[in-house]
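Going by the numbering used here, the sequence shown opens with residue 611, and the numbers climb by one from there.
Just below is one structure, and these are the notes that go with it.
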Amino acid sequence: MRHIASRDNPDYRAWLRLAQGRPGRRDTRIILEGEHLCRAWLEHKGPPLVLVVGESALSLDWIGPLWQACAQGRRIVLQNNLASVLSQVEHGPAVFFIVEPPVPALPSHITGGSLWLDRVQDPGNLGTLLRTAAAAGLRQAYLSDGCASAWSPKVLRSGQGAHFALDIHEHADLAALAHRLDVPLAATTLEKAELLYLKDLRQPCVWLFGNEGQGVSDELLARADWRVHIPQSAAVESLNVAAAAAICLFEQRRQQLVAAVKVRSARREKAQ
């Protein structure tokens, strides 16, 4: 275990850059903050590269399992004033994991439901989109150039652990990946689109959502197999991208669950 009490410590300065979302050019590490994210990482990925704990957080009961999971040389205790500066959460316990985010290999074929994001720039939107996709049962997310960094502190906080339920592919060339699709590509649009609630969404598909202001690029929209629109009142021009995605993904999940219930009911009736 090491104790850090100086703001000039090089490790501390590096962690502060990570927490502020400005890592060095060659730094591939990220920082996770708080009980929920650290527990989720430990459950899904194992021990971190480094565990950093503020002095006052050492007495918390839930710190014990995190502390014991890390080798002696990977435990760092921060002086409280340094820990409070490092923290990006007001009044939160100062507990951090320093980790290397996973970089999954691109599959040769995309065969299941996944999320494609085209230049989604707002970190809150991006984290919410990942969280919604994971909650709806998707397992992969592909983010184009121009998207916010998936592993930035703001996106991690908004995602609330969804990152660990998804294979996240950043800087993806979505147009090139279209040739690997073995399922339909679905996009929301007002042009030549079917009403979402009348579309048969029972089979898996890839859902494509675009930039907050410009939407999906014309090139990608031209590749969509399914074009759907969400009916709304004329009171507003459009929905927030994260809200639109939630409506689409959970309408699909509703249809799939209803179909599964009908199949089970038919089997029970046949068996009687």
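From the three backbone atoms N, C-alpha and C, an ideal C-beta is built for every residue, glycine too.
Within 10 Å of its beta-carbon, does residue i have 16 or more other beta-carbons around it, so buried, or fewer, so exposed?
| i | result |
| --- | --- |
| Q862 | buried |
| S768 | buried |
| N821 | buried |
| L808 | exposed |
| T721 | exposed |
| G823 | exposed |
| W672 | exposed |
| A751 | buried |
| V816 | buried |
| A667 | buried |
Quick check: the Cα distance between residue i and residue j, rounded to an integer number of angstroms?
| i | j | result |
| --- | --- | --- |
| L849 | H646 | 30 angstroms |
| V730 | V687 | 37 angstroms |
| S616 | L692 | 8 angstroms |
| N690 | E665 | 6 angstroms |
| D777 | A797 | 21 angstroms |
| N619 | L800 | 55 angstroms |
| V699 | R627 | 15 angstroms |
| L766 | A856 | 18 angstroms |
| M611 | S669 | 16 angstroms |
| R877 | V660 | 52 angstroms |
| V713 | K655 | 12 angstroms |
| A772 | A681 | 26 angstroms |
| K726 | A852 | The sequence given here has Trp at residue 726, not Lys. One C-alpha to the other measures close to 13 angstroms. |
| L818 | S827 | 10 angstroms |
| G674 | R649 | 11 angstroms |
| G737 | A760 | 7 angstroms |
| P657 | P717 | 27 angstroms |
| A846 | N735 | In the sequence as displayed, the identity of residue 846 is Val instead of Ala. Cα to Cα, the separation comes out at about 19 angstroms. |
| S843 | E804 | 17 angstroms |
| S694 | G756 | 32 angstroms |
Thinking residue i and residue j are a contact (beta carbons under 8 angstroms), I'd like their distance in whole angstroms, please.
| i | j | result |
| --- | --- | --- |
| A788 | R833 | 5 angstroms |
| S724 | L739 | Actually they are not in contact, since the Cβ atoms of S724 and L739 sit about 12 angstroms apart, beyond 8 angstroms. |
| I708 | R623 | Rounded, the Cβ-Cβ distance is 13 angstroms, inconsistent with contact. |
| E780 | L753 | 5 angstroms |
| Q835 | P794 | Position check: residue 835 holds Asp in this sequence, whereas Gln was assumed. About 4 angstroms; that satisfies the 8 angstroms criterion. |
| D792 | H719 | 5 angstroms |
What I want to know is whether the C-beta of residue i ends up closer than 7 angstroms to one or more non-hydrogen atoms of the ligand NAP.
| i | result |
| --- | --- |
| G747 | Among the components of this structure there are no ligands whatsoever, and the ligand NAP is therefore not found. |
Can you list, in chain order, the residues of its chain whose CB lies under 7 angstroms from that of residue i, leaving out five sequence neighbours each side?
| i | result |
| --- | --- |
| S697 | E643, A704 |
| S762 | G631, P733 |
| K802 | R837 |
| L831 | A797, T799 |
Which residues in the same chain have their Cβ closer than 8 angstroms to the Cβ of residue i, if we skip the five residues on either side of it in sequence?
| i | result |
| --- | --- |
| I614 | D621, Y622, I686, V687, L688, Q689, L692 |
Verify whether the separation of the beta carbon atoms of residue i and residue j is less than 8 angstroms.
| i | j | result |
| --- | --- | --- |
| A775 | A744 | yes |
| I840 | L806 | yes |
| A629 | L652 | no |
| A746 | L859 | yes |
| Q770 | R741 | yes |
Can you list, in chain order, the residues of its chain whose CB lies under 6 angstroms from that of residue i, leaving out five sequence neighbours each side?
| i | result |
| --- | --- |
| F706 | I641, E643, V662 |
| R812 | Q865, Q866, A869 |
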